[in-house]
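A.B. asks: For the sequence shown, the numbering used here gives the first residue as 15, with consecutive numbering after it. Glycine included, C-beta positions come from ideal geometry on N, C-alpha and C. Nothing here was measured: the structure is a model prediction, and the numbers come from that model. Below is one structure. I have some questions about it.
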Amino acid sequence: ALLPACAFLFAGCSREAPPPLPPPAEVSVLKIEPRDTPVTFEYIAQTQSPQEVDIVARVSGFLDKQLYTEGAIVKEGQVLFKMDQKPFIAQLDSAQAAWNKAKAANDTAMANLKRVKPLAELNALSQKDLDDATGNADTTAASVAQAQANVDTARLNLSYTTIASPLRGIAAAAQQKEGAYLSPQNNLLTTVSSLNPMWVNFSVSENEFKNYRDQVAKGLIVPPKGGNYVAELIQVDDSTFPLTGRITFVDPSFNPQTGTFLIRVSVPNPGGTLRPNQYVRVRLKGATRPNAITIPQRAVQQGAKGHFVWVVNQSDKAELRPIVVGEWYRDSWFISQGLAAGDRVAVDGTLRLAPDAPVKMKPYVPKPDSLEAAPATRAPGATVSIHFAAGKAALDAEAMRLLKELVPAMKAGTNPIDVTGFADRTGNRSANVELAKRRALAVRDALLAEGLPADRVRLQTPREVTGAGSDRDARRVEIAAGK
C-alpha cells in the first residue's frame, strides 16, 4: 500500500514540461567593412546666362520692323529690328550738303591764299591781305572738319536704325511693337541671353561651409585634387544632364542678407538645352570619405534616445546598439559613431528582435539602387527621411519621386504612418518650429494626394526640433511606420 501511495504522491508533485522556445528570428546581416567611399554634395541651384544683353534703341524714332522670332536662337550680327530710316537719310543728305558747301568755301579760300602769298612776298600786297587770306583758309578748313563730323554722326545715327544682336543666344519677347515711337525713356526692345556655357548658381550656408572645412581638416573628407569637383546637373524630370561642369567661382564674402556663400558652376551647353533661370539640382562629385562605415537606411531605427541598430553579438544574439548617423549616402547612412569593423548589423527581419534573442543569420544581399529606394515593408520605428533646401518647406522633384515609390508599400500595410519635421541649427527656435511643422504638413499633404488614407497619417512633434547630423541632413521630415 505504501508504494502506490508514494507513486500517487510523486505523480501529484510532477509538473508539465515547459513549452518549446520559439525558433530564432531569421535576419539578413551586413558585416561592417570600412572602405573609402565616394561622397557627393547636392544642392538646389538655378541657371544663369553668363552674358545677358539688353537690346536698346540708340536713337529716337519710329520702330519699323521686327525681324526675329521671339524665343528663338539668334546669331551674332543677326538683325533683330529696323527703325524708320527716312528721317536719318534726310539728316545724312543735309550733313553731306553742308560738307560740300564747306569744302567749296575752303577750296576758294585755299586758292586765294595761294595767289596772295607770293604777291605779299614781293610787297605787292600788304601783310594784312596775307593775314586775312590765311585766316579765311584756316576758318573754312575748320568748317570742313565740322561738316565732316556732322556727316559721320548722321551716318552713325542711320546705322543705329538697323539693330542687330551682339552675341549668339536666345532672344526674349519684344518689348515694343512695330510703329511705336522709341525715345530714351522707352528704348528697351528685347534681351538676348547667351546659352553656352551656362552658369549654375547655388548657395551654401555658413554652418555647412564650416562643417565641410572642419571635416576636411580632420581627414573625414578628402576633396578631389585641387578642389576640382565634377558637377552633375539633375533636371526637373530627374534626368541627368549629359555634360558635366566645374566650379568656376566661390564668393569669398559671406552674404549677411541670405546667410550663405554663393558658388558658381560653369556647364557646357552647346545644344541650348539649359535655359536661364531654370531650377536644377547640382551634385558635386570627387570627394571621398576614407574608411567610412555605411549601412542601409532601413537598418537604422529611431528610438526615444536617438538612432539605433540591431547588432548580432558573438553569441549570435540580438543586441541594441545606439549610433550616431552622418550624411545620407544613396540609400544608406554614413555612421559617425557606434559601429566598428567586424560588427554584424541586422538589416531585414528586425521586427521580431529583442535584446538577447537568438538570431538565425543570412547574408545581406544589396538590391539594385532602384529597388533599394522603395523597400516592400518596413518595421515599426524604421524611418525614411525627406530632405529640404535651407529655409524651404516645399518638396522638390527628388522628394516627390521618393514619396511616390514609398506609397505603394505604405498602402499595403495597416500601421499608422508617423510624420515628423525637423530644422537645422540656423535661425531662431520659434521660426524653426514653424518651419519644421510646415515641412511635415507638406509631406503629409503629398502622401494624402497619393491616396494614403488620412486616418493613417499622424503628425508628430519632435522632442528636439533640430535634427541630428549635418545641417543638410537636419533639414528633413522623417516618415516612420508607427505602432
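I'd like to know if the region 284-301 and the region 50-60 are in contact, where contact means that at least 3 CB-CB pairs between them fall below 8 Å.
C.D. replies: Touching, yes.
A.B. asks: Per DSSP, what kind of secondary structure is residue 299 in: helix, strand or coil?
C.D. replies: Within the sequence shown, numbered from 1, the residue matching residue 299 stands at position 285. If DSSP states are grouped into helix, strand and coil, residue 299 belongs with the strands.
A.B. asks: If you reduce the DSSP assignment to three classes, tell me which class residue 167 lands in.
C.D. replies: For the purposes of this step, residue 167 is taken as residue 153 along the sequence shown, with counting starting at 1. Looking at residue 167 - three-state DSSP - the assignment turns out to be helix.
A.B. asks: Taking 8 Å as the cut-off, decide whether the C-beta atoms of residue 184 and residue 289 are in contact.
C.D. replies: As a first step, residue 184 must be located in the sequence shown, where it is residue number 170. As a first step, residue 289 must be located in the sequence shown, where it is residue number 275. Yes, they are a contact pair.
A.B. asks: Report all residues from its chain with a CB closer than 6 Å to the CB of residue 438; omit the five preceding and five following residues, and keep chain order.
C.D. replies: The residue labelled residue 438 in the question sits at position 424 within the sequence shown. Cβ neighbours of residue 438 beyond the five flanking positions: 485, 488, 489.
A.B. asks: Got a sec? Which residues, its chain only, sit under 7 Å from residue 169 by beta carbon, not counting five neighbours each side?
C.D. replies: Along the sequence shown, read from residue 1 onward, the residue named residue 169 stands at position 155. 106, listed in sequence order.
A.B. asks: Once DSSP output is grouped into helix, strand and coil, what is the label at residue 305?
C.D. replies: Here the question's residue 305 lines up with position 291 in the sequence shown. Reduced to three states, the DSSP call for residue 305 is strand.
A.B. asks: According to DSSP, is residue 374 part of a helix, a strand, or is it coil?
C.D. replies: Position 360 of the sequence shown, counted from the first residue, corresponds to residue 374. Looking at residue 374 - three-state DSSP - the assignment turns out to be strand.
A.B. asks: Using only the alpha-carbon positions, how far apart do residue 352 and residue 46 sit?
C.D. replies: On the sequence shown, position 338 is the one that residue 352 refers to. On the sequence shown, position 32 is the one that residue 46 refers to. The straight-line gap from Cα to Cα measures roughly 12 Å.
A.B. asks: My assumption, with CB atoms under 8 Å, is that residue 362 sits in contact with residue 42. Please give the rounded CB distance.
C.D. replies: To locate residue 362, count along the sequence shown from 1; it is residue 348. To locate residue 42, count along the sequence shown from 1; it is residue 28. Yes, residue 362 and residue 42 are in contact; Cβ-Cβ is about 4 Å, under 8 Å.
A.B. asks: What is the C-beta distance between residue 431 and residue 472, in whole angstroms, given that I count them as a contact (C-beta under 8 Å)?
C.D. replies: Locating residue 431 in the sequence shown gives position 417, where the first residue counts as 1. Locating residue 472 in the sequence shown gives position 458, where the first residue counts as 1. Going by Cβ atoms, the distance from residue 431 to residue 472 rounds to 7 Å, so yes, they are a contact pair.
A.B. asks: Below 8 Å on the Cβ atoms is my guess for residue 210 versus residue 283; work out the distance and round it to an integer in Å.
C.D. replies: Taking the sequence shown and counting its residues from 1, the one referred to as residue 210 is at position 196. Taking the sequence shown and counting its residues from 1, the one referred to as residue 283 is at position 269. Confirmed, Cβ separation roughly 5 Å.
A.B. asks: Can you find the residues in the same chain that come closer than 7 Å, C-beta to C-beta, to residue 174, ignoring five residues on each side of it along the sequence?
C.D. replies: Residue numbering aside, residue 174 sits at position 160 when the sequence shown is read from its first letter. For residue 174, where only same-chain residues beyond five positions count, the Cβ hits under 7 Å are 72, 73.
A.B. asks: Name the residue from 206, 156, 165 whose alpha carbon lies nearest to the alpha carbon of residue 178.
C.D. replies: Within the sequence shown, residue 178 is the residue found at index 164, counting from 1. Of 206, 156, 165, the residue nearest in Cα terms is 206.
A.B. asks: Buried or exposed: where does residue 404 fall if 16 or more other Cβ atoms within 10 Å of its Cβ makes it buried?
C.D. replies: As a position in the sequence shown, residue 404 is number 390, starting the count at 1. Classification of residue 404: buried, given that the 10 Å Cβ count is 16 or more.
A.B. asks: Just mark residue 195 as buried or exposed, buried being the case when its beta carbon has 16 or more other beta carbons within 10 Å.
C.D. replies: As a position in the sequence shown, residue 195 is number 181, starting the count at 1. It is exposed - the Cβ of residue 195 has fewer than 16 other Cβ atoms within 10 Å.
A.B. asks: Using C-beta distances below 8 Å, list every residue in its chain close to residue 64, excluding the 5 sequence neighbours before and after it, in chain order.
C.D. replies: Within the sequence shown, residue 64 is the residue found at index 50, counting from 1. Around residue 64: 208, 211, 212, 213, 280.
A.B. asks: Mapping the DSSP letters down to three states, classify residue 59 as helix, strand or coil.
C.D. replies: One-based indexing of the sequence shown puts residue 59 at position 45. The answer is strand: DSSP assigns residue 59 an E or B state.
A.B. asks: By DSSP, does residue 326 sit in helix, in strand, or in coil?
C.D. replies: Stepping through the sequence shown from its first residue, residue 326 is reached at position 312. Residue 326: strand per DSSP, three-state reduction.
A.B. asks: State the Cα-Cα distance for the pair residue 312 and residue 408, rounded to the nearest angstrom.
C.D. replies: Stepping through the sequence shown from its first residue, residue 312 is reached at position 298. Stepping through the sequence shown from its first residue, residue 408 is reached at position 394. So the alpha carbons of these two residues sit roughly 25 Å apart.
A.B. asks: Helix, strand or coil for residue 44? Go by DSSP, reduced to three states.
C.D. replies: Here the question's residue 44 lines up with position 30 in the sequence shown. Three-state DSSP puts residue 44 in a strand.
A.B. asks: Looking at the structure shown, is residue 331 part of a helix, part of a strand, or coil, going by DSSP?
C.D. replies: For the purposes of this step, residue 331 is identified with residue 317 of the sequence shown, where counting begins at 1. DSSP places residue 331 in strand when its eight states are reduced to three.
A.B. asks: Determine the contact status of residue 305 and residue 48, defining contact as a CB-CB distance below 8 Å.
C.D. replies: Taking the sequence shown and counting its residues from 1, the one referred to as residue 305 is at position 291. Taking the sequence shown and counting its residues from 1, the one referred to as residue 48 is at position 34. In this structure, residue 48 lies closer than 8 Å to residue 305 by Cβ.
A.B. asks: Applying the criterion that 16 or more other CB atoms from any shown protein chain within 10 Å of the CB defines a buried residue, is residue 533 buried or exposed?
C.D. replies: One cannot answer for residue 533 here, as it falls past the ends of the chain, which runs 15 to 497.
A.B. asks: DSSP three-state call for residue 219: helix, strand or coil?
C.D. replies: The count along the sequence shown starts at 1 and reaches residue 219 at position 205. Correct three-state label for residue 219: strand.
A.B. asks: Would you kindly work out how many angstroms separate the C-alpha atoms of residue 247 and residue 285, rounded to a whole number?
C.D. replies: For the purposes of this step, residue 247 is identified with residue 233 of the sequence shown, where counting begins at 1. For the purposes of this step, residue 285 is identified with residue 271 of the sequence shown, where counting begins at 1. If you take the alpha carbons of residue 247 and residue 285, they lie about 15 Å apart.
A.B. asks: What's the gap between the Cα of residue 145 and the Cα of residue 136?
C.D. replies: Locating residue 145 in the sequence shown gives position 131, counting from the first residue. Locating residue 136 in the sequence shown gives position 122, counting from the first residue. Taking the straight line from one Cα to the other gives about 15 Å.
A.B. asks: Which residue or residues does DSSP assign as beta-bridge partners of residue 246?
C.D. replies: Taking the first residue of the sequence shown as position 1, residue 246 is located at position 232. Bridge partners of residue 246: 297.
A.B. asks: Would you mind stating whether residue 172 and residue 69 have Cβ atoms separated by less than 8 Å?
C.D. replies: Start at 1 with the first residue of the sequence shown, and residue 172 comes out as number 158. Start at 1 with the first residue of the sequence shown, and residue 69 comes out as number 55. No, the pair does not count as a contact, with Cβ atoms beyond the cut-off.
A.B. asks: In this structure, does DSSP put residue 263 in helix, strand or coil?
C.D. replies: For the purposes of this step, residue 263 is identified with residue 249 of the sequence shown, where counting begins at 1. In the structure shown, residue 263 sits in a strand (DSSP, three-state: E or B).
A.B. asks: Whole angstroms is fine: what's the gap from residue 380's alpha carbon to residue 271's?
C.D. replies: In the sequence shown, counting from the first residue as 1, residue 380 sits at position 366. In the sequence shown, counting from the first residue as 1, residue 271 sits at position 257. Going by the C-alpha atoms only, they are around 45 Å apart.
A.B. asks: Would you report the Cα separation of residue 492 and residue 433, rounded to the nearest angstrom?
C.D. replies: Against the sequence shown, residue 492 aligns to sequence position 478. Against the sequence shown, residue 433 aligns to sequence position 419. So the two alpha carbons sit approximately 6 Å from each other.
A.B. asks: The beta strand (DSSP E) spanning residue 202 covers which residue range?
C.D. replies: In the sequence shown, the residue the question calls residue 202 occupies position 188. First-last of the beta strand (DSSP E) with residue 202: 202-207.
A.B. asks: Would you kindly work out how many angstroms separate the C-alpha atoms of residue 118 and residue 155, rounded to a whole number?
C.D. replies: As a position in the sequence shown, residue 118 is number 104, starting the count at 1. As a position in the sequence shown, residue 155 is number 141, starting the count at 1. C-alpha separation (whole angstroms): 10 Å.
A.B. asks: For a minimum of 4 consecutive residues, which ranges assigned as the alpha helix (DSSP H) are wholly contained in the region 73-141?
C.D. replies: List check, alpha helix (DSSP H) in window: 100-135.
A.B. asks: Tell me the rounded alpha-carbon separation between residue 159 and residue 123.
C.D. replies: As a position in the sequence shown, residue 159 is number 145, starting the count at 1. As a position in the sequence shown, residue 123 is number 109, starting the count at 1. Approximately 15 Å, taken between the alpha carbons.
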